[in-house]
Every structure is written in C-alpha cells, then in structure tokens.
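Peer 1:
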Amino acid sequence: MQLYVFHRTSYRYPGPVTESYNELRLHPLSNVWQKCLSSTLSILPICRTQSYLDLNGNIVHHFELPEEHQKLVIEARSLVETSQRVDFNNFPYGVNLCSLSKMEVVPEYRDYLQSSSYVEINPKVWRMAVDLQGETKDVFQTAYQVMEFIYQNFEYCKSTTTVDTHANEVLDIRRGVCQDFAHAALALCRCLGIPARYVSGYFFDSTRDRRMRGAEASHAWIEVMVQGHGWFGLDPTNNRVVDDTYVILGTGRDYRDVAPITGSYYGPRPHQFDVTVRVKRSDTC
Amino acid sequence: MSIPRQFQGYSTEHFFDKMFSGNGELRARSHYEKIYQRLDRLTETEISERRQQADSSFLEHGITFTVYGDEGGTERIFPFDLIPRVIPESEWNVVENGLRQRIIALNLFLNDIYHDRKIIKDKIIPEEIINSSKNYRPEMVGFDPPQEVYAHICGTDLIRDDQGNYLVLEDNARCPSGASYLLENREIMKRAFPQTFGGMSVRPVEAYPDLLLRTLEYLSPRKSQKPVCVLLTPGVYNSAYFEHTFLARQMGIEIVEGKDLIAIDSCIYMRTTRGLVQVDVIYRRLDDDFLDPMVFREESMLGVAGLMDAYLKGNVALANAVGTGVADDKVTYAYVPDMIKYYLNQEPILSNVPTYLCWRDTDRAHVLENLENLVVKAANESGGYGMLIGNQSTLKERDEFARLIEAHPREYIAQPIISLSRHPTFCQEGIEGRHVDLRPFILYGEDVEIVPGGLTRVALKKGSLVVNSSQGGGSKDTWVLREF
Numbered sequence: 000m001q002l003y004v005f006h007r008t009s010y011r012y013p014g015p016v017t018e019s020y021n022e023l024r025l026h027p028l029s030n031v032w033q034k035c036l037s038s039t040l041s042i043l044p045i046c047r048t049q050s051y052l053d054l055n056g057n058i059v060h061h062f063e064l065p066e067e068h069q070k071l072v073i074e075a076r077s078l079v080e081t082s083q084r085v086d087f088n089n090f091p092y093g094v095n096l097c098s099l100s101k102m103e104v105v106p107e108y109r110d111y112l113q114s115s116s117y118v119e120i121n122p123k124v125w126r127m128a129v130d131l132q133g134e135t136k137d138v139f140q141t142a143y144q145v146m147e148f149i150y151q152n153f154e155y156c157k158s159t160t161t162v163d164t165h166a167n168e169v170l171d172i173r174r175g176v177c178q179d180f181a182h183a184a185l186a187l188c189r190c191l192g193i194p195a196r197y198v199s200g201y202f203f204d205s206t207r208d209r210r211m212r213g214a215e216a217s218h219a220w221i222e223v224m225v226q227g228h229g230w231f232g233l234d235p236t237n238n239r240v241v242d243d244t245y246v247i248l249g250t251g252r253d254y255r256d257v258a259p260i261t262g263s264y265y266g267p268r269p270h271q272f273d274v275t276v277r278v279k280r281s282d283t284c
Numbered sequence: 000m001s002i003p004r005q006f007q008g009y010s011t012e013h014f015f016d017k018m019f020s021g022n023g024e025l026r027a028r029s030h031y032e033k034i035y036q037r038l039d040r041l042t043e044t045e046i047s048e049r050r051q052q053a054d055s056s057f058l059e060h061g062i063t064f065t066v067y068g069d070e071g072g073t074e075r076i077f078p079f080d081l082i083p084r085v086i087p088e089s090e091w092n093v094v095e096n097g098l099r100q101r102i103i104a105l106n107l108f109l110n111d112i113y114h115d116r117k118i119i120k121d122k123i124i125p126e127e128i129i130n131s132s133k134n135y136r137p138e139m140v141g142f143d144p145p146q147e148v149y150a151h152i153c154g155t156d157l158i159r160d161d162q163g164n165y166l167v168l169e170d171n172a173r174c175p176s177g178a179s180y181l182l183e184n185r186e187i188m189k190r191a192f193p194q195t196f197g198g199m200s201v202r203p204v205e206a207y208p209d210l211l212l213r214t215l216e217y218l219s220p221r222k223s224q225k226p227v228c229v230l231l232t233p234g235v236y237n238s239a240y241f242e243h244t245f246l247a248r249q250m251g252i253e254i255v256e257g258k259d260l261i262a263i264d265s266c267i268y269m270r271t272t273r274g275l276v277q278v279d280v281i282y283r284r285l286d287d288d289f290l291d292p293m294v295f296r297e298e299s300m301l302g303v304a305g306l307m308d309a310y311l312k313g314n315v316a317l318a319n320a321v322g323t324g325v326a327d328d329k330v331t332y333a334y335v336p337d338m339i340k341y342y343l344n345q346e347p348i349l350s351n352v353p354t355y356l357c358w359r360d361t362d363r364a365h366v367l368e369n370l371e372n373l374v375v376k377a378a379n380e381s382g383g384y385g386m387l388i389g390n391q392s393t394l395k396e397r398d399e400f401a402r403l404i405e406a407h408p409r410e411y412i413a414q415p416i417i418s419l420s421r422h423p424t425f426c427q428e429g430i431e432g433r434h435v436d437l438r439p440f441i442l443y444g445e446d447v448e449i450v451p452g453g454l455t456r457v458a459l460k461k462g463s464l465v466v467n468s469s470q471g472g473g474s475k476d477t478w479v480l481r482e483f
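These protein sequence lines map, in sequence, to chains A and B.
Here numbering that gives the first Met the number 0 is used: the first residue of the first sequence is 0, the next is one more, and so on.
Here numbering that gives the first Met the number 0 is used: the first residue of the second sequence is 0, the next is one more, and so on.
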C-alpha cells in the first residue's frame with residue numbers, strides 16, 4: 000500500500016524566543032516492511048537542517064534558530080510504500096516462553112527487557128503480567144493477550160495524561176492515549192521477559208466509518224520479538240496486529256527515544272500549539 | 000494490429016510522441032491501446048458528429064476567452080480536441096511528487112525573501128534579482144500571510160523533451176487560469192466517449208472546485224464562523240471571465256467586482272441586497288497592480304481602496320497572496336532548482352529547461368550570438384506575449400529583440416528550442432501530431448493537493464510550439480489512469 004502522510008506542528012509564543020535547538024524524528028524508516036519513497040521537511044522561520052542516524056537507527060534531523068522568533072512551524076510530508084508484513088492466518092505461534100531466557104544475554108535485546116525512562120519493571124507490574132499470562136506458554140499468544148487486556152480494560156481518553164506520564168501511572172489509572180497504552184504494554188511484556196520496543200509512526204484508518212483511534216495524530220504502538228520470527232507489531236490502542244496500514248517513523252526503548260519533535264529554547268511557553276496529521280492512501284483515489 | 004485508417008500517413012517524425020513509440024513503424028503505447036482501437040471503429044461521420052456536439056456544448060456553456068491585441072473580434076471558443084492525452088499512474092506519481100516539492104520550495108522562498116532573506120545572505124540568489132523584479136512588493140516585507148502560505152493556487156507548465164522527460168517550463172504563481180477548461184473538457188469527454196472512458200479507470204478531477212473552496216476557507220481569519228469567500232474578477236472584459244463565473248458557481252461563492260466591495264475600519268465588506276456582509280477570503284483573479292489604488296496603480300478602477308490595509312492588518316485573506324509574482328518571474332525561475340536544494344536539502348524531481356539569463360554578461364553574449372537557435376522570453380510577461388522563437392523568426396524580429404535585450408538585460412531570458420513532444424490531434428487533413436504541454440493545478444491550503452492530470456494544451460497550428468490560447472492553442476482532456 001502506498002501511503003502519504005502530512006504532519007504539521009506549529010508553536011506560537013506570546014513573546015520572542017531565542018536559541019531554539021530541535022531534533023526531529025519525522026522521516027519514515029526504510030526497512031523490510033516499508034520503503035520511504037520521499038520525505039520532505041519544511042520549517043518556518045527558514046532554516047537548514049542536518050541529519051544523522053541515532054543509536055536506534057532512526058533518522059534524526061536537527062536545526063537551530065538562534066535569532067528571535069515568535070512562531071515555529073514544522074511540516075513533514077512523506078510517501079511510503081508499505082508491505083503486508085504479517086500473515087493473518089499464520090501468526091508466529093509455537094515459540095515457548097522458556098526460549099526467552101536465551102534472549103536476555105543477546106546485547107541487541109537487552110535494552111528492550113529492562114526499565115527505561117517511561118517504563119519500570121517492578122513487582123506490582125510483574126504480578127499483573129503474570130496474572131494476565133495465566134496458563135499461556137506461547138510468546139506471541141502472551142503478547143497478544145497483553146494487547147487485548149489493555150484494549151479492553153483501558154479507557155481511551157485524551158485529557159487525563161500528559162506527554163510525561165509514566166507507565167506505572169497508566170497501569171494504575173487505566174486511562175490514556177496511544178503513547179500511554181504502548182508504555183503500559185511495554186512494561187507488561189518486559190516483566191514477562193518478552194523483548195518489547197516502542198514504535199512511533201502513523202496509521203491509515205481504512206474503516207468506512209473511521210472508527211479507529213489515533214489516526215488523526217502521531218500514533219504509537221509496540222513491537223515484540225518472537226524468536227525465529229522477528230519483530231511483530233501490536234497496537235493496543237486499536238487491538239490490532241500491525242499490517243500495511245502502519246507507517247513506522249522510528250523505534251526505541253520508549254517515547255523518549257523516538258519523540259517526533261524535541262528541543263529547547265529560551266523564552267516563554269507556547270500559548271498556541273497545533274498538530275495536524277493526515278494519512279491518505281495515494282495509490283488509489 | 001493493422002494501422003487504423005485515421006492513422007494512415009501519420010508520422011511521429013523525430014519528436015517524442017505520446018501515443019506511439021518507436022520510429023518509422025507505429026506502435027501504440029499500452030496505455031493508449033483502447034483509445035487507438037476506439038478511433039479505429041469510428042467512421043468519419045461519427046467523428047464529425049462528436050466534434051459538433053463538443054463545439055455546441057462549449058458554445059452553450061459560453062466557454063470562451065478573449066484575445067487581446069486582436070482587431071478582428073475578440074471572443075472565441077477555446078478549441079477542443081477529442082483525442083484525450085493519457086498518462087499512466089506511475090508517470091503521474093513522479094510528476095505529482097515533483098510539483099509538490101516545487102510548490103513547497105517556492106513558498107519557502109517567498110516567505111524567506113519577505114522576511115530574513117537567508118537565501119540571499121547565503122549567496123544562492125543575487126539580491127538585485129529580487130529587488131529588480133517587477134512583481135516584488137516591498138509592502139509585504141515582514142508580513143505573515145494567513146497560514147504562512149503565499150501561492151495557494153499555482154499552475155505549473157510542463158513539457159516533455161524528445162526523450163520524454165518532463166521539464167518545468169514555467170510556474171504561474173499569480174492568477175493561473177485554465178482549471179475551468181480542465182473540468183469542462185472532462186464533462187464533454189464523458190459524454191462523447193462514455194464506453195472508452197468507463198473502461199479505462201481514469202482518475203477523477205471533479206473534486207477541484209471543492210478542494211479550491213477548502214483551500215480558500217482554510218485561510219479565513221475568522222475561525223468561529225463559516226468563512227465568507229468571494230471571487231474578485233476584473234469584470235466581463237477579462238479574457239478569463241468565463242472561468243471566473245464558472246468557478247464561483249461551482250464553489251457556490253459570490254463573484255464580485257471591485258466596486259462591489261468596500262473597506263470600512265480595515266475590514267472588507269460586500270454590498271448585497273441585504274446590506275453589507277463582511278468578507279473573509281478573496282480569491283482574486285486580478286493582478287497585484289490593480290488590487291488597491293491607494294497602494295498600487297492609482298488609476299486602477301478594478302480594485303478596492305483600502306484592501307491592502309485590511310489585508311496587512313490580517314482582517315481579510317487574499318489568494319494568492321500579494322507579491323507572489325516574484326516567484327514566477329522568469330529570471331527567478333532559473334533559480335528554483337537551487338531553492339529546492341537550499342530549503343529542502345533535496346535534488347529537484349522535475350528539471351528546469353536550461354535557461355540563459357541575459358543580465359549575466361556571459362549568458363547575454365551567448366544569447367545574442369545564437370538568437371536563431373533560442374527562444375527568448377520577457378521575464379514578466381505571460382500568455383505567450385513578448386516572445387521570440389529563433390528558428391521561426393525573421394532577421395528584423397531578431398534585430399528588434401537584440402536591441403531590447405541590450406537595453407533591458409534583466410527583462411529577458413533565453414532557452415534552447417526544445418522539440419516538444421507531440422500528440423495525435425484531429426486536424427484539417429485528418430489526424431496529425433501536434434505539440435502539447437501540460438498545466439497541472441496545484442492547491443496549497445492545509446496541505447498540497449493536485450488533481451490528477453491538468454489542462455493539456457495543444458498548439459493547433461502545424462509546427463507551432465506556442466500552446467497559449469491567445470496564440471491559437473487548443474486543449475485536450477487529460478486522463479491519468481489508475482493502476483491496480
């Protein structure tokens with residue numbers, strides 16, 4: 000499927016701000032599941048960007064605006080070819096949870112099994128995870144149950160959490176948005192020894208009545224490692240296994256590693272902040 | 000397959016032909032197969048019948064345009080050719096991407112030169128080019144137009160060279176016209192060849208008026224209520240008056256002349272039978288020069304006194320913004336690839352036609368020596384006026400242009416004569432190849448939207464390279480195919 004993504008973020012400040020340094024993770028990845036055909040970044044006030052790859056292999060653009068300004072507008076437009084990625088009739092069942100002990104020693108997965116900025120492995124979460132797992136001995140089945148559990152028991156609610164809300168709090172209040180649901184799922188999976196990483200991106204709502212959640216904003220979900228089969232995407236916000244309607248911007252331990260826009264500046268907080276995301280299918284009309 | 004009667008004697012000569020590949024032997028390109036077969040089944044009478052239908056349909060709808068500087072009557076039908084131009088989806092995708100990249104860069108450029116001028120400070124574009132552009136508006140310096148977009152509606156002319164590569168010939172970032180023909184042509188083709196049209200999964204263009212209205216509404220300074228948008232026309236004598244009425248009707252907005260609007264306390268109101276109504280967005284089909292007699296041309300009777308004041312105070316939005324002409328100046332054009340690299344850090348997807356700038360001493364010397372092999376154009380004219388085509392000119396014309404270039408080097412550019420691609424077209428003596436170009440319409444509101452295809456213009460005069468309606472051009476419907 001070919002997907003076109005338009006992502007506009009604008010900040011307006013009540014007074015002049017200076018020394019603005021920013022990092023963007025808005026360039027879709029090219030990997031085995033998707034190919035980024037084009038990605039265009041435009042920024043106002045006019046400035047030039049530099050790019051590099053971070054430790055997680057994500058594409059980062061950074062720019063600086065030392066001079067005074069009162070607004071900042073960042074627009075990213077990308078065209079991505081996605082592949083089906085998963086066979087819905089043939090999920091990777093049959094990998095036993097016992098196999099996970101081998102993963103702990105693989106350096107590649109170590110980061111995804113431990114606590115990180117937004118995710119903590121503690122006895123309380125572990126207890127919850129073990130109850131959830133029940134009799135299941137299968138890795139994918141367990142991860143799927145985690146996703147289902149969050150989808151069914153957590154309330155999708157935009158105003159209760161902030162960008163800084165920790166997974167512990169989310170598991171407590173059982174409310175939040177896609178970012179919170181992903182963090183909660185990471186905590187539960189990691190407690191059970193399943194390597195799990197945070198994914199930032201977008202998804203295209205192909206349902207007729209547009210009933211999916213998070214399609215009109217940046218989206219987030221998780222990926223779990225099923226040994227011998229690779230990474231599988233699970234979206235606890237919509238209770239779906241990730242397929243070709245999803246576009247990946249980047250992956251990391253949690254939100255902190257892949258925040259689409261981060262930065263700092265001198266000056267007052269923005270009094271107006273708007274985000275627009277549009278995802279369209281571009282291969283048919 | 001044998002060659003249909005109509006194509007007996009057809010020759011692609013040495014040009015890139017849209018319908019046929021290969022030299023000598025005619026082989027229809029696969030995406031033209033159905034049209035080719037359909038034409039084969041048509042008899043002479045059927046063809047002329049359909050042409051009459053099309054012509055009368057244009058007359059009934061009043062699809063006319065006006066030719067300036069022509070003594071023998073002025074209003075004409077825009078000639079229409081029944082053979083559609085077909086573009087496969089994969090080809091169109093490249094064009095669409097390229098146009099999107101280009102319009103973003105052009106808007107960043109406009110923003111830049113009316114603000115910090117970083118592209119000048121970084122020595123990518125010389126300052127005198129900007130300051131000497133006739134369409135540079137110092138009034139706009141430091142002003143933030145609504146939603147930071149300058150060129151909301153842009154018609155970019157594309158041609159294909161003898162290799163079939165798409166090249167950008169020019170950007171029309173002021174008041175491009177032609178969208179109404181694009182819509183009307185489609186209506187007529189659907190009626191003339193319903194079966195062929197239905198069988199080819201052509202991507203629709205009918206959304207254009209709706210997209211245009213959404214683009215306009217997006218600019219409204221009053222977010223709390225439904226925006227009042229109007230189309231400002233110079234009046235019935237304008238060459239594109241038909242288009243103005245057509246688009247206003249399609250969008251369901253009022254069409255107004257300058258005298259219908261009034262500025263009170265830095266807001267713009269429309270006089271209606273029920274009193275004054277505040278206007279939020281003006282789709283103006285009027286050049287900057289005529290917009291406001293208080294700021295621009297004093298003698299203009301077409302504009303609205305006080306409009307610029309209201310605009311600069313943010314009480315009314317204009318589409319396009321004032322001062323966009325500096326981006327479609329033909330000298331600035333030569334720098335667009337550099338803009339794309341500078342602002343977007345990307346290579347241009349669509350190339351420019353190589354351009355000699357007469358204000359550069361070396362370029363000018365080359366131009367003056369090679370006039371008969373070049374096309375010379377005035378930097379700020381449009382519609383095919385003020386142009387010299389070297390190999391079709393007389394010595395007298397060339398001398399005249401040489402003098403003009405010497406006198407006003409900034410005002411002229413020159414380009415090599417590109418052997419434009421050709422397309423089979425109904426002519427007096429049956430079907431012949433005629434040169435075509437393509438003008439897609441790019442809308443930039445919240446995001447960039449481009450209806451698939453655009454207006455294909457065709458130079459109906461044999462051998463002519465000028466497709467402008469004012470210079471004896473016609474048009475075709477453009478079919479972008481969907482691929483599964």
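Heads up, the beta-carbon is just placed ideally off N, CA and C, and yes, glycines get one too.
When the distance is taken between beta carbons, is Leu166/B closer than 8 Å to Ser350/B?
Peer 2: Reading the second sequence from its first residue, position 351 is the one you call residue 350/B. Reading the second sequence from its first residue, position 167 is the one you call residue 166/B. Yes. Within cutoff.
Peer 1: What's the gap between the Cα of Asn344/B and the Cα of Met338/B?
Peer 2: In the second sequence, counting from the first residue as 1, residue 344/B sits at position 345. In the second sequence, counting from the first residue as 1, residue 338/B sits at position 339. Spanning the two alpha carbons is a distance of roughly 9 Å.
Peer 1: Which chain A residues sit within Cβ distance under 8 Å of Leu114/B?
Peer 2: Here residue 114/B is taken as the residue at index 115 of the second sequence, counted from 1. Per the sequence shown, residue 114/B should be read as His rather than Leu. Within chain A, the residues near His114/B are Pro44, Ile45.
Peer 1: Counting C-beta neighbours from all protein chains within 10 Å, is the total for His13/B 16 or more, i.e. buried, or is it exposed?
Peer 2: What you label residue 13/B is simply residue 14 of the second sequence in a count that begins at 1. His13/B is exposed by the Cβ-count criterion.
Peer 1: Can you find a CB in chain A that lies within less than 8 Å of the CB of Asn96/B?
Peer 2: Counted from its first residue, the second sequence places residue 96/B at position 97. Chain A, which has a Cβ nearer than 8 Å to the Cβ of Asn96/B, makes this yes.
Peer 1: Name the two residues that bound the continuous beta strand (DSSP E) containing Ile45/A.
Peer 2: Along the first sequence, read from residue 1 onward, the residue named residue 45/A stands at position 46. Where Ile45/A is concerned, there is no enclosing beta strand (DSSP E), given that its DSSP letter is neither H nor E.
Peer 1: Please compile the residues from chain B whose C-beta is within a distance smaller than 7 Å of the C-beta of Thr244/A.
Peer 2: Residue 244/A sits at position 245 when you count from the first residue of the first sequence. Simply none; closest approach about 18 Å.
Peer 1: Any idea what DSSP makes of Gly71/B, helix, strand or coil?
Peer 2: Within the second sequence, the letter at position 72 stands for residue 71/B. For Gly71/B, the predicted model reports a pLDDT of 49, less than 50, meaning its position is unreliable and no value from the coordinates is stated.
Peer 1: Look up His422/B in the DSSP assignment and give the residues it is bridged to.
Peer 2: Within the second sequence, numbered from 1, the residue matching residue 422/B stands at position 423. Partner(s): Arg433/B.
Peer 1: Between which two residues does the alpha helix (DSSP H) containing Leu131/A stretch?
Peer 2: As a position in the first sequence, residue 131/A is number 132, starting the count at 1. Start and end: 122-132.
Peer 1: Hey, quick one: how far does the alpha helix (DSSP H) through Val93/B stretch, first residue to last?
Peer 2: For the purposes of this step, residue 93/B is taken as residue 94 along the second sequence, with counting starting at 1. It spans 88-112 - the alpha helix (DSSP H) in which Val93/B sits, taken as one unbroken run.
Peer 1: May I ask you to report which of helix, strand or coil DSSP gives Arg159/B?
Peer 2: For the purposes of this step, residue 159/B is identified with residue 160 of the second sequence, where counting begins at 1. Strand.
Peer 1: Contact criterion: CB-CB distance below 8 Å. Does Leu64/A meet it with respect to chain B?
Peer 2: As a first step, residue 64/A is located in the first sequence; it is residue number 65 there, counting from the start. No, Leu64/A lies away from the interface with chain B (no Cβ there is under 8 Å from its Cβ).
Peer 1: Below 7 Å CB to CB, which residues in the same chain sit around Gly71/B once its five sequence neighbours on both sides are set aside?
Peer 2: Start at 1 with the first residue of the second sequence, and residue 71/B comes out as number 72. Residue placement at Gly71/B is flagged as unreliable, the pLDDT there being 49, under the threshold of 50; the coordinate-derived value follows with that caveat. No residues qualify anywhere along the chain.
Peer 1: Could you give the distance in angstroms between the alpha-carbon of Pro194/A and the alpha-carbon of Ile441/B?
Peer 2: Counting from 1 along the first sequence, the entry for residue 194/A is found at position 195. Counting from 1 along the second sequence, the entry for residue 441/B is found at position 442. Each residue's alpha carbon lies about 46 Å from the other.
Peer 1: Helix, strand or coil for Gln36/B per DSSP?
Peer 2: In the second sequence, the residue the question calls residue 36/B occupies position 37. Of the three classes helix, strand and coil, the one that applies to Gln36/B here is helix, per DSSP.
Peer 1: My assumption, with CB atoms under 8 Å, is that Leu498/B sits in contact with Glu448/B. Please give the rounded CB distance.
Peer 2: In this structure chain B extends from 0 to 483, so residue 498/B is not present and cannot be described.
Peer 1: Run the CB neighbour count on Leu58/B, radius 10 Å, all protein chains shown included, and call it buried at 16 or more, exposed below.
Peer 2: As a first step, residue 58/B is located in the second sequence; it is residue number 59 there, counting from the start. Its Cβ having fewer than 16 others within 10 Å, Leu58/B is exposed.
Peer 1: Against Leu107/B, what residues of chain A qualify as contacts under a CB-to-CB distance less than 7 Å, listed in chain order?
Peer 2: Taking the second sequence and counting its residues from 1, the one referred to as residue 107/B is at position 108. Result: Ser41, Ile45.
Peer 1: Can you round the beta-carbon distance between Gly262/A and Ser19/A to whole angstroms, since I take them to be within the 8 Å contact cut?
Peer 2: The residue you call residue 262/A lines up with position 263 of the first sequence. The residue you call residue 19/A lines up with position 20 of the first sequence. Indeed they touch by this definition, with Cβ atoms about 6 Å apart.
Peer 1: Checking 8 Å against the spacing of the C-beta atoms, do Ile45/A and Tyr9/B come in under that value?
Peer 2: Start at 1 with the first residue of the first sequence, and residue 45/A comes out as number 46. Start at 1 with the first residue of the second sequence, and residue 9/B comes out as number 10. In this structure, Tyr9/B does not lie closer than 8 Å to Ile45/A by Cβ.
Peer 1: Within a Cβ cutoff of 8 Å, which residues of the same chain sit near Gly163/B, ignoring the five residues on either side of it in sequence?
Peer 2: Along the second sequence, read from residue 1 onward, the residue named residue 163/B stands at position 164. Result list for Gly163/B: Phe15, Ser420, in chain order.
Peer 1: So, are the CB atoms of Gln226/A and Ser98/A less than 8 Å apart?
Peer 2: For the purposes of this step, residue 226/A is identified with residue 227 of the first sequence, where counting begins at 1. For the purposes of this step, residue 98/A is identified with residue 99 of the first sequence, where counting begins at 1. Taking 8 Å as the Cβ cut-off, Gln226/A and Ser98/A qualify as a contacting pair.
Peer 1: Quick check: is the beta carbon of Arg280/A nearer than 8 Å to any beta carbon in chain B?
Peer 2: Working through the first sequence from its first residue, we reach residue 280/A at position 281. Output row for Arg280/A: interface = no.
Peer 1: Could you please give the first and the last residue of the uninterrupted beta strand (DSSP E) stretch that includes Pro415/B?
Peer 2: One-based indexing of the second sequence puts residue 415/B at position 416. 411-415 is the span of the beta strand (DSSP E), which, as asked, contains Pro415/B.
Peer 1: Comparing C-alpha positions only, which one of Pro83/B, Val435/B, Gly452/B sits nearest to Asp161/B?
Peer 2: Within the second sequence, residue 161/B is the residue found at index 162, counting from 1. Nearest C-alpha to Asp161/B: Val435/B.
Peer 1: Does the segment 448-457 of chain B touch the segment 176-190 of chain B, meaning 3 or more C-beta pairs lie closer than 8 Å?
Peer 2: In short, these stretches touch, since the Cβ pair count reaches three.
Peer 1: According to DSSP, is Cys156/A helix, strand or coil?
Peer 2: The sequence position of residue 156/A within the first sequence is 157, counting from 1. Cys156/A falls in the coil class under three-state DSSP.
Peer 1: So with CB distances below 7 Å, who are the chain A contacts of Glu147/B?
Peer 2: The count along the second sequence starts at 1 and reaches residue 147/B at position 148. Residues of chain A passing the Cβ test: Leu43, Val72.
Peer 1: Quick one: any contact between the segment 215-234 of chain B and the segment 242-254 of chain B, if contact means 3 or more CB pairs under 8 Å?
Peer 2: They touch, by the three-pair rule.
Peer 1: What does the alpha-carbon distance come out to for the pair Leu168/B and Ser281/A?
Peer 2: Start at 1 with the first residue of the second sequence, and residue 168/B comes out as number 169. Start at 1 with the first residue of the first sequence, and residue 281/A comes out as number 282. Leu168/B and Ser281/A: Cα-Cα distance of roughly 26 Å.
Peer 1: Taking the DSSP output, what are the residues bridged to Cys174/B?
Peer 2: If you number the second sequence from 1, residue 174/B lands on position 175. Its beta-bridge partners do not exist; DSSP assigns none.
Peer 1: Helix, strand or coil for Cys357/B? Go by DSSP, reduced to three states.
Peer 2: Numbered from 1 along the second sequence, position 358 holds the residue referred to as residue 357/B. DSSP places Cys357/B in coil when its eight states are reduced to three.
Peer 1: Does Gln132/A pass the burial test, meaning 16 or more other C-beta atoms within 10 Å, or should it be called exposed?
Peer 2: As a first step, residue 132/A must be located in the first sequence, where it is residue number 133. Looking at its Cβ environment, which holds 16 or more other Cβ atoms inside 10 Å, Gln132/A is buried.
Peer 1: Assuming contact is defined by CB atoms lying nearer than 8 Å, are Glu278/B and Ile267/B in contact in what I supplied?
Peer 2: Locating residue 278/B in the second sequence gives position 279, where the first residue counts as 1. Locating residue 267/B in the second sequence gives position 268, where the first residue counts as 1. The identity of residue 278/B in the sequence shown is Val, whereas the question assumes Glu. Yes. Within cutoff.
Peer 1: Looking at the structure shown, is Val201/B part of a helix, part of a strand, or coil, going by DSSP?
Peer 2: By 1-based counting over the second sequence, the position of residue 201/B is 202. Of the three classes helix, strand and coil, the one that applies to Val201/B here is strand, per DSSP.
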